[in-house]
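Engineer: Counting in UniProt numbering, the sequence shown runs from 1 upward without gaps.
Glycine included, each C-beta is placed from N, C-alpha and C at the ideal position.
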Amino acid sequence: SQNIFRHNQRKQDTPSLWSEKEQDNLKIEAEKERKRIESEQQQRLKFEEEQNRLRSEEEERRRILAEQELIRQQQEQQEQKELLKKEDEIKEIIVPTQVKVKFVLYGLQASNEKRIVVLGNQPQLGNWNSGQAESSQLALKLESHYKSETIELPPNETIEYKFVQLEDQPIWESGNNRKLIVEDYFLGKGTIYLISHWNDIRELNITESALENNSGETWEFVEDD
């Protein structure tokens, strides 16, 4: 009977022993789960911190780029203002684009009654229109010879012209038109006196090299003061 009792007692003790093991296993599993959750939370926090850091860096990068762009635009505006200022200053400087000439005429009997003008193929020379011959600029004044006011003409172009006596009917020089080309070397340097004789038609090509060999018979260059 004692053996039977012990056997029954063991049978009663066994479930209790398995229950304790199961409880230990549950605790272990629960601890693992807790650590897993804690690890996930830490990883999530790290991820969020990294994302926040990246966002902050991106915002800072954009802020710096915006500042740099603003500085660049301000510099461009300043450079544009300075450029416009320089352009205005350049415009204020008068750059000569025409050569200055005076027409001198010999070979006519000097008389206060004579009205002599010069006409040619340029607007400054009346475009051959004798109706504009009364212009004071085109009229030659009587001294010991006839001489015009200063007239500005384009350089490096063929200028054609003639002298005309204004009477009841205009009397033009005979023969071909006079021709003149003045090199742009003379721009802004002085005045060229074109020395002519009535009906002595010549073609003049006034250049820097010709200036050194000019005999003074057909033209003379007078530098500005």
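(1) If you run the structure through DSSP and keep just helix, strand and coil, what is residue 194?
(2) So which of 180, 198, 59 and 196 has the shortest CA-CA distance to residue 99?
(3) Who are residue 203's beta bridge partners in DSSP?
(4) Given a cut-off of 7 angstroms, decide if residue 175 and residue 96 are closer than it, judged by their beta-carbon atoms.
(5) Do you know offhand how far residue 177's Cα is from residue 195's?
(6) Would you mind stating whether residue 148 and residue 102 have Cβ atoms separated by less than 7 angstroms?
(7) DSSP three-state label for residue 45, please.
(8) Which residues in the same chain have their Cβ closer than 7 angstroms to the Cβ of residue 213, if we skip the five residues on either side of it in sequence?
(9) Sort out for me which residues DSSP pairs residue 222 with in a bridge.
(10) From what residue to what residue does the alpha helix (DSSP H) around residue 211 run?
(11) Could you tell me the distance, in whole angstroms, from the CA atom of residue 150 to the CA atom of residue 137?
(12) Relative to the alpha-carbon of residue 208, which residue among 192, 66, 171 and 61 has its alpha-carbon at the smallest distance?
(13) Counting pairs of beta carbons, one from the segment 159-172 and one from the segment 65-79, are three or more of them closer than 8 angstroms?
(14) Just to confirm the assignment, what range does the beta strand (DSSP E) spanning residue 161 have?
(15) Output the distance between the C-alpha atoms of residue 51 and residue 39, rounded to the nearest integer angstrom.
(16) When you compare only the Cα positions, how much space is there between residue 2 and residue 28?
(17) Cutting at 8 angstroms between CB atoms, please list the residues of its own chain near residue 154, excluding the five before and the five after it.
(18) What's the C-alpha gap between residue 198 and residue 127?
Structural biologist: According to the structure shown:
(1) strand
(2) 180
(3) DSSP lists 179 as partners of residue 203.
(4) No, the pair does not count as a contact, with Cβ atoms beyond the cut-off.
(5) 15 angstroms
(6) yes
(7) Of the three classes helix, strand and coil, the one that applies to residue 45 here is helix, per DSSP.
(8) Once the five neighbours on either side are set aside, residue 213 has no close Cβ partner at all.
(9) 191
(10) 208-213
(11) The C-alpha of residue 137 is placed about 7 angstroms away from the C-alpha of residue 150.
(12) 192
(13) With the cut-off at 8 angstroms, the segment 159-172 and the segment 65-79 do not touch.
(14) 159-165
(15) 18 angstroms
(16) In this predicted model, residue 2 has a pLDDT of only 49, less than 50, meaning its place in the structure is not dependable; the value taken from the coordinates is given anyway. Cα to Cα, the separation comes out at about 39 angstroms.
(17) Leaving aside the five residues that flank residue 154 on each side, the residues in its chain whose CB is nearer than 8 angstroms to its CB run, in chain order, 97, 98, 99 and 122.
(18) 20 angstroms
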